[in-house]
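*Asks:* Residue numbering for the sequence shown follows the numbering used here, beginning at 81 and increasing consecutively. By construction, the Cβ of each residue, glycine as well, lies at the ideal position given by its N, Cα and C atoms.
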Amino acid sequence: MSTNKKRRTMRTVFSAVVIGFAVISFWRGIWGLMDLYLFPNNYELSLWVSVLMGVVILYFTKHLIDELI
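Structure below.
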């Protein structure tokens with residue numbers, strides 16, 4: 081394996097790990113904030129509103145997702 085190919089492979093793996101860590105950290109932070117502020121005294125309502133928000137966001141970003149696929 082050439083040196084350039086090894087570097088490119090290592091850079092790709094490193095980028096994937098960093099991006100994965102960033103995505104997981106963002107998701108964890110949003111999850112924690114929603115637990116604190118979105119109906120903190122009513123767990124079931126908080127879950128249903130979260131699901132509804134997710135569906136609405138996916139519906140309105142459908143054209144963006146279609147362009148990526």
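For residue 141, which residues in the same chain have their Cβ closer than 7 Å to its Cβ, ignoring the five residues on either side in sequence?
*Replies:* As a first step, residue 141 must be located in the sequence shown, where it is residue number 61. No residues qualify anywhere along the chain.
*Asks:* What separation, rounded to the nearest whole angstrom, lies between the Cα atoms of residue 97 and residue 114?
*Replies:* Here the question's residue 97 lines up with position 17 in the sequence shown. Here the question's residue 114 lines up with position 34 in the sequence shown. Rounded to the nearest angstrom, the two C-alpha atoms are 26 Å apart.
*Asks:* In the structure shown, what three-state DSSP assignment does residue 145 receive?
*Replies:* Translated into the one-based positions of the sequence shown, residue 145 becomes position 65. DSSP places residue 145 in helix when its eight states are reduced to three.
*Asks:* Does the segment 102-109 come into contact with the segment 84-91, if we say contact requires no fewer than three beta-carbon pairs (one atom in each stretch) closer than 8 Å?
*Replies:* no
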